[in-house]
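Encoded as structure tokens, the structure appears first; notes follow it.
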Amino acid sequence: MLLEQILHEVNGEEFQDSKWTATCRKVGRLAYPHMENPPQFPAWTLDQSSFRFFTALLVVHDLVASTFLGKPPRLQTYYQDLLVAEDKPEEVPNRDCSLRLDRFIGCQNWAIILISEVASLDSWKKNMRERGSFSNLELFRRGGEIEMKFREGLGRLSAKDPMVRDQRPPWLADSR
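Residue numbering for the sequence shown follows our numbering, beginning at 22 and increasing consecutively.
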């Protein structure tokens with residue numbers, strides 16, 4: 022996969038071993054091809070924004086394909102680097118390039134990660150049955166861990182203040 026090749030080409034040591042952040046920063050330098058140290062702005066460059074957008078879509082498409090094929094998502098090993106943790110602050114171009122998928126597709130990272138874990142569990146179950154070493158006890162243990170994470174995520178959602186979505190935007194307001 023192209024994204025895997027790109028991430029393997031980059032040295033992540035300068036960014037706390039985050040190959041994703043190093044890659045995103047290098048993409049930002051494309052806007053300034055003749056500068057060794059381009060300026061750092063508090064906004065994403067056009068190249069970085071595009072790269073982040075298409076990477077977010079790639080994560081989602083990889084997940085959909087994996088559930089259809091009954092295999093673990095290929096990018097699952099990169100989630101820790103690609104997706105921002107729930108407790109981290111908003112991503113900033115000159116520090117961290119991790120993705121918040123809810124900004125792109127409306128679904129929070131924890132939900133995507135859990136769906137990928139369910140896809141991986143399904144793949145594991147099929148492989149164990151083919152080998153003849155399937156264990157219901159192990160399936161329940163793994164499934165229970167996923168269910169616990171799911172309930173924790175729903176609890177965090179319930180604890181947040183709901184956003185008001187029934188207000189009309191200013192451009193649709195009556196002009197009397």
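Where is the CB? At the ideal position from N, CA and C, for every residue including glycine.
Remember, it's a predicted structure, so these values are computed and weren't measured experimentally.
ask   = Which residues bound the alpha helix (DSSP H) around R95?
value = Where R95 is concerned, there is no enclosing alpha helix (DSSP H), given that its DSSP letter is neither H nor E.
key: Cβ contact check for the stretch 124–134 and the stretch 149–169: 3 or more pairs under 8 Å   = no
message = Under DSSP, the alpha helix (DSSP H) around D68 begins and ends at which residues?
response = L67 to L90
task = In angstroms with no decimal places, state the Cα-to-Cα distance between R73 and G49.
result = 11 Å
query = When you compare each of A77, E25 and T44 to R124 by their alpha carbons, which one comes out closest?
reply = A77
task = Specify, as a first and last residue, the run of the alpha helix (DSSP H) that K181 falls within.
result = Where K181 is concerned, there is no enclosing alpha helix (DSSP H), given that its DSSP letter is neither H nor E.
ask   = Based on Cα-Cα distance, which residue from R121, I167, A140 and Q97 lies nearest to L24?
value = Q97
query = So A64 is in the alpha helix (DSSP H); what residue range does that whole segment cover?
reply = Counting along the chain, A64 falls outside any alpha helix (DSSP H), and DSSP gives it neither H nor E.
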